[in-house]
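Number of protein chains: 2
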Amino acid sequence: MHDIYKPIRSKSYSVSCEFCRIGPSICIPKLLENTLDNFINRKKEIAKNQVIVDEGTPLDKIYIINSGAVKTYITVNGKEQINGFYLPGDIIGLNSIHNLKYNNSVCALTNTLVCELKYNELIGLVSQNTHMQNTLLKLMSEDIQDYQQLILCFSQKNAEEKVATFIYSLYLRYARRGHISLNIKLSMSRSDIANYLGLTIETISRILTRMQDLNILTARGKYISIKDLSALIKFAEYHK
Amino acid sequence: MHDIYKPIRSKSYSVSCEFCRIGPSICIPKLLENTLDNFINRKKEIAKNQVIVDEGTPLDKIYIINSGAVKTYITVNGKEQINGFYLPGDIIGLNSIHNLKYNNSVCALTNTLVCELKYNELIGLVSQNTHMQNTLLKLMSEDIQDYQQLILCFSQKNAEEKVATFIYSLYLRYARRGHISLNIKLSMSRSDIANYLGLTIETISRILTRMQDLNILTARGKYISIKDLSALIKFAEYHK
DNA sequence: CGTCATGTTGATGGCCGTCAATTCATGTGG
DNA sequence: CCACATGAATTGACGGCCATCAACATGACG
Chain A
43 MHDIYKPIRS KSYSVSCEFC RIGPSICIPK LLENTLDNFI NRKKEIAKNQ VIVDEGTPLD
103 KIYIINSGAV KTYITVNGKE QINGFYLPGD IIGLNSIHNL KYNNSVCALT NTLVCELKYN
163 ELIGLVSQNT HMQNTLLKLM SEDIQDYQQL ILCFSQKNAE EKVATFIYSL YLRYARRGHI
223 SLNIKLSMSR SDIANYLGLT IETISRILTR MQDLNILTAR GKYISIKDLS ALIKFAEYHK
Chain B
43 MHDIYKPIRS KSYSVSCEFC RIGPSICIPK LLENTLDNFI NRKKEIAKNQ VIVDEGTPLD
103 KIYIINSGAV KTYITVNGKE QINGFYLPGD IIGLNSIHNL KYNNSVCALT NTLVCELKYN
163 ELIGLVSQNT HMQNTLLKLM SEDIQDYQQL ILCFSQKNAE EKVATFIYSL YLRYARRGHI
223 SLNIKLSMSR SDIANYLGLT IETISRILTR MQDLNILTAR GKYISIKDLS ALIKFAEYHK
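Residue numbers (my numbering), protein chains in the order written: chain A, 43 to 282; chain B, 43 to 282.
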């Protein structure tokens with residue numbers, strides 16, 4: 043954990059506000075900035091491996107990733123179970139509104155910049171502003187939809203399809219934020235991916251080399267370069 | 043599909059409004075009934091095997107199950123993939139708000155009573171009523187949380203743990219709606235369960251007989267009787 | 001009672017987890 | 001700049017879980 047004491051130099055991709063998942067027309071932090079002064083710290087720096095939120099703490103703030111990446115996880119029998127990776131533009135905390143407690147821990151995978159947003163102010167704004175209300179409902183509904191898709195992925199797909207889906211979804215998520223590139227730098231380790239997908243690092247590794255042999259992609263450490271996107275998409279589909 | 047022409051006699055458990063997931067203090071349909079007259083049909087009858095919603099149709103209504111049960115599914119390569127079972131008190135459609143289209147089909151597993159609720163009116167009410175707004179946010183946040191748990195279940199658990207989790211969650215869901223009983227009548231077929239859990243009917247069957255041999259439950263067709271709840275819970279946990 | 005759908009049980013094989021050895025990457029100190 | 005150490009990733013051998021295929025049993029319903 044030496045990293046914590048290192049100066050933070052975020053070399054990674056960051057979203058411009060127009061591609062933030064909050065939407066181009068309303069940056070909640072910006073709106074708050076106009077209405078309520080200093081309640082948000084924009085672009086707070088988080089060092090790699092730093093735990094931003096501990097499972098069970100009160101939901102006082104919502105975080106929006108500006109650059110970098112984090113993972114969220116719950117602890118089961120002393121072992122962490124990763125349940126999400128959040129990339130620039132993503133919003134953390136929407137699953138914790140119902141009981142006003144964070145239901146998972148949050149840890150930075152790399153040096154990360156986050157926008158903080160006080161929950162009370164968000165809700166206050168939502169109750170005054172119909173547009174904001176619709177935005178929040180849409181965001182949460184999208185999340186529900188995304189999770190349903192993920193469940194299908196996990197319950198039906200085999201290891202190869204899972205890994206292909208994972209990589210393709212990373213590609214898609216960056217692309218939707220305006221960062222369209224076939225070259226992806228994984229911010230998480232093989233072990234994190236395996237944990238998340240319910241596979242082992244060995245399986246992940248074998249599948250990546252198999253895909254490399256088939257000229258679908260090249261994988262050198264954390265750098266993945268998609269060579270044949272349509273083949274990747276085919277691999278990601280459920281085959282049976 | 044003869045069922046459609048049969049008279050509907052729902053013999054199954056139905057929630058009283060106080061155990062509806064909408065909450066005891068605000069039954070949205072009731073509230074609407076007071077404010078706007080005839081826009082909701084309370085307790086519409088749906089026959090077994092009837093498709094209530096087709097994937098892709100506009101989200102004009104939200105449904106709340108009053109009695110009976112439905113499954114939701116998407117169609118992939120011509121085959122249905124079940125992504126949820128909805129029991130009395132459950133709300134259908136929250137995953138479809140973001141694009142105002144139903145993102146899955148809905149089909150009745152048994153004769154079912156639903157409360158219909160026009161989406162526009164729900165939103166209208168929500169924008170006027172802070173309490174209602176909080177309720178909706180909580181409901182959706184709960185859904186997100188539930189789905190995250192389900193993802194962990196699917197990505198990490200083996201077949202036995204999945205089946206145990208499934209049965210226990212049915213028990214829990216009924217219990218939370220005020221129907222606490224160790225005797226559960228499955229409204230879905232083995233094939234539906236298998237489809238949903240990403241297993242085969244043979245595996246489901248084998249696991250049920252194994253649990254029967256261990257005196258954890260008895261399973262006779264659609265009737266499951268839990269003999270040892272704590273053992274079931276142990277089985278449902280992730281072991282590794 | 002006969003038919004058809006649904007559920008159960010058994011035998012076999014493939015996918016993927018486990019264990020182990022090796023290679024590669026990253027950072028540190030000399 | 002190189003040698004080394006440490007952890008991450010890769011590759012191989014083997015075994016267990018669960019899907020597949022097939023046969024049989026049970027139940028629903030006319």
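Where a beta carbon is used, it is the ideal one built from N, C-alpha and C, also for glycine.
Counted within 10 angstroms of its Cβ, other Cβ atoms place H140 of chain B as buried (16 or more) or exposed: By one-based count along the second sequence, residue 140 of chain B stands at place 98. Burial state of H140 of chain B is buried, judged by a 10 Å Cβ sphere holding 16 or more other Cβ atoms.
Inter-stretch contact at 8 Å, needing at least 3 Cβ pairs: the stretch 100-112 of chain A / the stretch 186-195 of chain A: Taking 8 Å as the limit for Cβ pairs, the verdict is that the stretch 186-195 of chain A does not touch the stretch 100-112 of chain A.
CB contact below 8 Å: H173 of chain B versus chain A: The count along the second sequence starts at 1 and reaches residue 173 of chain B at position 131. With respect to chain A, the C-beta atom of H173 of chain B has no partner C-beta closer than 8 Å.
Exposed unless 16 or more other CB atoms sit within 10 angstroms - verdict on T99 of chain B: By one-based count along the second sequence, residue 99 of chain B stands at place 57. Counting the other CB atoms within 10 Å of its CB gives T99 of chain B a total below 16, which places it among the exposed residues.
L259 of chain B - containing beta strand (DSSP E), residue span: As a working note, residue 259 of chain B is residue 217 in the second sequence. Here the beta strand (DSSP E) through L259 of chain B covers 259-262.
E244 of chain B, buried or exposed, once every other Cβ within 10 Å from all chains shown has been counted against 16: The residue you call residue 244 of chain B lines up with position 202 of the second sequence. Residue burial is scored here from C-beta neighbours: E244 of chain B has fewer than 16 other C-beta atoms within 10 angstroms and is therefore classed as exposed.
One or two residues paired with I226 of chain A in a DSSP bridge: Numbered from its first residue, the first sequence carries residue 226 of chain A at position 184. A:I266, per the DSSP bridge assignment.
Secondary structure of N150 of chain A, DSSP reduced to three states: Numbered from its first residue, the first sequence carries residue 150 of chain A at position 108. The question names Asn, but residue 150 of chain A in the sequence shown is Ala. Three-state result, A150 of chain A: strand.
Start and end residues, alpha helix (DSSP H) containing G166 of chain B: Residue mapping note: residue 166 of chain B aligns to position 124 of the second sequence, counting from 1. For G166 of chain B, the enclosing alpha helix (DSSP H) starts and ends at 161-170.
Segment contact flag, the stretch 214-232 of chain B with the stretch 216-234 of chain A, C-beta cutoff 8 Å, min 3 pairs: Contact between the stretch 214-232 of chain B and the stretch 216-234 of chain A is not established, with fewer than three Cβ pairs separated by less than 8 Å.
Contact set for N146 of chain A: own chain, Cβ-Cβ below 7 Å, skip 5 residues either direction: As a first step, residue 146 of chain A is located in the first sequence; it is residue number 104 there, counting from the start. Once the five neighbours on either side are set aside, the close Cβ partners of N146 of chain A are E97, T114, Y115, I116, N125.
Delimiting residues of the alpha helix (DSSP H) encompassing F208 of chain B: Position 166 of the second sequence, counted from the first residue, corresponds to residue 208 of chain B. Element bounds for F208 of chain B: 201-218.
At least 3 beta-carbon pairs within less than 8 Å: the stretch 158-167 of chain B vs the stretch 149-165 of chain A: Pairwise C-beta distances place the stretch 158-167 of chain B out of contact with the stretch 149-165 of chain A, as fewer than three of them are shorter than 8 Å.
F196 of chain B: contacting residues in chain A (beta-carbon distance under 7 Å): As a first step, residue 196 of chain B is located in the second sequence; it is residue number 154 there, counting from the start. Residues of chain A passing the Cβ test: I193, F196, S197.
Short CB-CB distance (under 8 Å) between S231 of chain B and chain A: Here residue 231 of chain B is taken as the residue at index 189 of the second sequence, counted from 1. No, its Cβ sits nowhere closer than 8 Å to a Cβ of chain A.
Residue burial classification, K199 of chain A (beta-carbon count within 10 angstroms, cutoff 16): For this step, residue 199 of chain A is matched to residue 157 along the first sequence. It is buried - the Cβ of K199 of chain A has at least 16 other Cβ atoms within 10 Å.
Under 9 Å by beta carbon: chain A residues contacting Q254 of chain B: The residue you call residue 254 of chain B lines up with position 212 of the second sequence. Near Q254 of chain B there are no residues of chain A at all, since even the closest Cβ is about 24 Å away, more than 9 Å.
Interface flag, S247 of chain A vs chain B, CB-CB below 8 Å: The residue you call residue 247 of chain A lines up with position 205 of the first sequence. Not one chain B Cβ lies under 8 Å of S247 of chain A.
Burial state of C138 of chain B, where buried means 16 or more other Cβ atoms lie within 10 Å: Translated into the one-based positions of the second sequence, residue 138 of chain B becomes position 96. According to the sequence provided, residue 138 of chain B is Ser. The question's Cys does not apply to it. With 16 or more Cβ atoms within 10 Å of its Cβ, S138 of chain B is classed as buried.
Near-chain A residues of the stretch 160-187 of chain B (beta-carbon distance less than 9 Å), N- to C-terminal order: Within the stretch 160-187 of chain B, the residues whose Cβ lies closer than 9 Å to some Cβ of chain A are I165, V168, S169, T172, Q175, N176, L178, L179, K180, L181, M182, S183, E184, D185, I186, Q187, listed in chain order.
L239 of chain B versus F196 of chain B - alpha carbon distance: Start at 1 with the first residue of the second sequence, and residue 239 of chain B comes out as number 197. Start at 1 with the first residue of the second sequence, and residue 196 of chain B comes out as number 154. In this structure, the alpha-carbon of L239 of chain B lies about 7 Å from that of F196 of chain B.
Chain B contact for I209 of chain A (CB, 8 Å cutoff): Residue numbering aside, residue 209 of chain A sits at position 167 when the first sequence is read from its first letter. The beta carbon of I209 of chain A sits no closer than 8 Å to any beta carbon of chain B.
Pairwise C-alpha distance: K204 of chain B and R248 of chain B: Within the second sequence, residue 248 of chain B is the residue found at index 206, counting from 1. Within the second sequence, residue 204 of chain B is the residue found at index 162, counting from 1. So the alpha carbons of these two residues sit roughly 13 Å apart.
Contact list for N125 of chain B against chain A, beta-carbon separation under 7 Å: Counting from 1 along the second sequence, the entry for residue 125 of chain B is found at position 83. Those are Q190, I193, L194, listed as they occur along chain A.
Cut-off 7 Å between Cβ atoms - residues of its own chain near K85 of chain B, not counting five sequence neighbours on either side: Residue numbering aside, residue 85 of chain B sits at position 43 when the second sequence is read from its first letter. These residues qualify, in order along the chain: N108, L155, C157.
DSSP three-state assignment for D79 of chain A, whether helix, strand or coil: Counting from one through the first sequence, the residue named residue 79 of chain A turns up at place 37. Caution is warranted here: a pLDDT of 40 is assigned to D79 of chain A, below 50, making its placement in the model unreliable, and the coordinate value is therefore given only provisionally. Three-state DSSP puts D79 of chain A in coil, outside helix and strand.
Length of the line joining the Cα atoms of N237 of chain A and N171 of chain B: Here residue 237 of chain A refers to the residue found at position 195 when the first sequence is read from its first residue. Here residue 171 of chain B refers to the residue found at position 129 when the second sequence is read from its first residue. For N237 of chain A and N171 of chain B, the gap between their C-alpha atoms comes out near 42 Å.
Listed by chain order, chain B residues near L136 of chain A by CB distance under 7 Å: Within the first sequence, residue 136 of chain A is the residue found at index 94, counting from 1. The answer, in chain order, is S183, I186.
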